[in-house]
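**Q** In the numbering used here, the protein residues as written are 23 to 641.
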RNA sequence: GCGCUCAUAGCUCAGUUGGAAGAGCACCGGCCUUCUAAGCCGGCAGUCCCAGGUUCGAGUCCUGGUGGGCGCACCA
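(1) Which class does residue 525 belong to by DSSP, given the choice of helix, strand or coil?
(2) For residue 367, which residues in the same chain have their Cβ closer than 6 Å to its Cβ, ignoring the five residues on either side in sequence?
(3) Rounded C-beta distance between residue 55 and residue 32? I'm assuming under 8 Å.
(4) So, under 8 Å CB-CB, residue 591 and residue 169 are touching, yes? Tell me the CB distance rounded to an integer number of Å.
(5) Quick one: is residue 564 buried, meaning 16 or more other Cβ sit within 10 Å of its Cβ, or exposed?
(6) So, does the stretch 610-618 touch the stretch 532-543, judging by three or more C-beta pairs under 8 Å?
(7) Which residues does DSSP list as the beta-bridge partners of residue 381?
(8) What is the C-beta distance between residue 127 and residue 28, in whole angstroms, given that I count them as a contact (C-beta under 8 Å)?
(9) Whole angstroms are fine: how far does the CA of residue 85 sit from the CA of residue 35?
(10) Cα-Cα, which of 118, 99, 42 is closest to residue 63?
(11) Nearest to residue 201 by alpha carbon, out of 582, 230, 527?
(12) Tell me whether the beta-carbon of residue 249 lies closer than 9 Å to the beta-carbon of residue 258.
(13) What whole-angstrom Cβ distance do residue 547 and residue 120 have, given they're in contact under 8 Å?
(14) Quick one: which unbroken alpha helix (DSSP H) runs of 4-plus residues sit fully inside the stretch 454-486? Chain order, please.
(15) Kindly indicate which three-state DSSP category residue 301 falls into: helix, strand or coil?
(16) Taking buried to mean at least 16 other C-beta atoms within 10 Å of its own C-beta, is residue 167 buried or exposed?
(17) Can you give the Cα-Cα distance for residue 137 and residue 569, rounded to whole angstroms?
(18) By alpha-carbon positions, which one of 454, 492, 401, 610 ends up nearest to residue 22?
(19) Taking only runs that begin and end inside the stretch 198-264, name each unbroken alpha helix (DSSP H) of 4 or more residues, in chain order.
(20) Select from 140, 272, 164, 214 the residue whose C-alpha is nearest the C-alpha of residue 432.
(21) List the residues that DSSP assigns as beta-bridge partners of residue 164.
(22) Please report the straight-line C-alpha distance between residue 442 and residue 519, rounded to a whole angstrom.
(23) State the Cα-Cα distance for the pair residue 567 and residue 106, rounded to the nearest angstrom.
(24) Please state if the CB of residue 379 and the CB of residue 413 are separated by a distance shorter than 9 Å.
(25) According to DSSP, is residue 355 helix, strand or coil?
(26) Please list, in chain order, all residues of the same chain as residue 274 whose beta carbon is under 6 Å from its beta carbon, the five residues on each side excluded.
(27) Return the first residue and the last residue of the alpha helix (DSSP H) that residue 572 is part of.
(28) What do you reckon, are the CB atoms on residue 39 and residue 97 nearer than 9 Å?
(29) Near residue 23, which residues of its chain fall below 6 Å by C-beta distance, leaving aside the five closest residues on each side in sequence?
(30) Below 7 Å CB to CB, which residues in the same chain sit around residue 345 once its five sequence neighbours on both sides are set aside?
(31) Can you give the Cα-Cα distance for residue 343 and residue 326, rounded to whole angstroms?
(32) Going straight from the alpha carbon of residue 532 to that of residue 526, what length do you get?
(33) Can you check which of these residues, 464, 261, 521, 161, is closest to residue 352 by C-alpha distance?
(34) With H, G and I counted as helix, E and B as strand and the rest as coil, what does DSSP make of residue 329?
(35) From residue 72 to residue 184, what distance separates their C-alpha atoms?
(36) Assuming residue 629 and residue 588 form a contact by the criterion Cβ under 8 Å, report the distance between their Cβ atoms to the nearest whole angstrom.
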């Protein structure tokens, strides 16, 4: 019995009571079953709207008749799965016997089994490539980049969990004008590199170069001849640097490779800390030349055209921007050029059934152009390409910008998260000997365990914050709010529940109260009359909803849906733990509650793992 | 001007095959000698931006507006 099979079991009882004219099989009935808006109405509701036509009757009458049939057939009662069926307007509300629900639902979760989506999802069993993160070398990595990283990683995890084979891909911007700007700065004013955090330092040099060049440009536009000369000279030098890298002039090539590696090392640290893995890393530098060859090839084929010295393609489908430029009049390529070459490489290297690009919403037009162009180039795979757009991350004082000086770089983010959690929560534990003793036999091991916990909660805070909002909703990153440990809808609150439940199980085990292994088996029976408390029923209901929510979130590529469901589970668990004591109970009641706690903990662990958020033993 | 996107409680936001309006924060009042109070219970709070349309039924779909954000040829 899988954790998602309860609706099937209910449908098996319900379906025989339907008139044949309804034309619904067990699976169809299971599909229609949904929880009523309020728990006191029942555990599952069967909506009768769909039957109105087939049965030539009004939904409320069908619901009432159905209730009657179920009673006549003796399908209801204290022994069976369904305790009572009460028509409520067009709905037939079903109240289940909690101990039967629990026996069907909980053992599979509790023993660590996960829902099986084989063949169920719309895009199930497909090979999917998800391209995400895509940071630029020679530039800083800040909180804004975290949204893409968290989102892409969650999509990879969600798609895998729902039966897809996924290739997690990254695409690093290691060439282009930003690299030239940075390298110009390095040779012009930067001085010696520091001994550590060189990747971050490169980003600072890039920023400084940009502001110098912008200032010269502005002055030149005002008529400042000296500034104009400086600006022109710098531009000429940057072109030389870029050409030098491309044509492998040793001086430039060596400097590029060395500095590029500093950025790559920095990215490795970031991915290690965030626990994100990539199967394939593409580099802009590897699709630069192929891009230009591709332009030449499709210009000859007549797919691309020349316009004012440049080369591109007309996509009249994009009315406001029909010309998609692919080669500048100076013969060099663009971002778009490389995207085409990259797409071809993806198609040829991997036989993907679906290709997802996680890139911010400002580039929606760009990807529309890319996909249209690929199609016209003859790649049928273009219709498998999908742009997952997401909105920007802002700060409480508005958009992030280096000009405003309010950019939060990765290292600062990590340090500030840890510091905020230390002072708001962990400091209190450290200063309390009794609590500290829970964390380790001696001070050193306690501190090590706590350092790990701080990292885990930092990750939970940042990832949940980045994922809980819908993709096309802006996010305001507020360090104070995100690390606020008291209450609310946040990653730490969810992790707290995992720690709390672990603690409860530990404390019970310490006095010999452990879960009977027989209750982990399918077909286990729970004592009638257990799991009847509203908090217990409410918690089971949220567990019932989880597998469907995961399928939905995966299908729509929206992790925020899963965040909301996990939050609902955590609220239901808190209500349960507040109102239903475990430790002082015995027998069947004790066992049913231990089973519920264990199942909830496993379900939450699974859900959080799909968001890349770690589970804790203690907090 | 054209395209994309957002508008739901005082604030931040959930709410997708159309089907029974929700949460957090804030505010007010309760609950720790009891498994982690980072919690729980109760209260307060709505013209789902506006106008039409489709429908038995619209926060949800369609059309047209209003207001905010973003994007629109040699940047990435």
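We treat Cβ as the ideally placed atom computed from N, Cα and C, and that holds for glycine.
**A** Based on what the coordinates show:
(1) It is helical.
(2) Answer for residue 367: no residue qualifies.
(3) Sure, about 6 Å apart at Cβ, within 8 Å.
(4) About 24 Å separates the Cβ atoms of residue 591 and residue 169, ruling out a contact at the 8 Å cut-off.
(5) Taking every protein chain shown into account, the CB of residue 564 has 16 or more other CB atoms within 10 angstroms, so this residue is buried.
(6) Contact holds between the stretch 610-618 and the stretch 532-543, because three or more Cβ pairs, one in each stretch, are under 8 Å apart.
(7) Bridge partners of residue 381: 411.
(8) Correct: roughly 5 Å between the Cβ atoms.
(9) Cα atoms of residue 35 and residue 85: separation of roughly 15 Å, rounded to the nearest angstrom.
(10) Looking at the Cα atoms, 118 is the closest of the given residues.
(11) Out of 582, 230, 527, 230 has the C-alpha closest to the C-alpha of residue 201.
(12) Against a cut-off of 9 Å, the Cβ pair of residue 258 and residue 249 comes out as no contact.
(13) With 8 Å as the limit, residue 547 and residue 120 do not qualify as a contact, their Cβ atoms being about 13 Å apart.
(14) You should have 455-459.
(15) In the structure shown, residue 301 sits in coil (DSSP, three-state: anything other than H, G, I, E or B).
(16) Residue 167 comes out buried.
(17) Taking the straight line from one Cα to the other gives about 6 Å.
(18) Here the chain has residues from 23 to 641 only, and residue 22 is not among them.
(19) Listed in chain order, they are 199-210, 220-243.
(20) For residue 432, the closest alpha carbon among the candidates 140, 272, 164, 214 is that of 164.
(21) In the DSSP secondary-structure assignment, residue 164 is bridged to 431.
(22) Going by the C-alpha atoms only, they are around 20 Å apart.
(23) Straight-line Cα distance between these residues: approximately 21 Å.
(24) At least 9 Å separates the beta-carbon of residue 413 from that of residue 379.
(25) In this structure, residue 355 counts as strand in the three-state DSSP scheme.
(26) Answer for residue 274: 263, 266, 267, listed in chain order.
(27) According to the DSSP assignment, residue 572 belongs to the alpha helix (DSSP H) that extends over 556-578.
(28) A contact, by the Cβ cut-off of 9 Å.
(29) Legend: pLDDT at residue 23 = 49, less than 50; position of this residue unreliable, no value from coordinates given.
(30) Once the five neighbours on either side are set aside, the close Cβ partners of residue 345 are 329, 334, 336.
(31) Residue 343 and residue 326 have their alpha carbons spaced roughly 16 Å apart.
(32) The straight-line gap from Cα to Cα measures roughly 10 Å.
(33) When only C-alpha atoms are compared, the closest one is 261.
(34) Of the three classes helix, strand and coil, the one that applies to residue 329 here is strand, per DSSP.
(35) So the alpha carbons of these two residues sit roughly 28 Å apart.
(36) Indeed, because the Cβ distance is near 5 Å, the residues count as touching under 8 Å.
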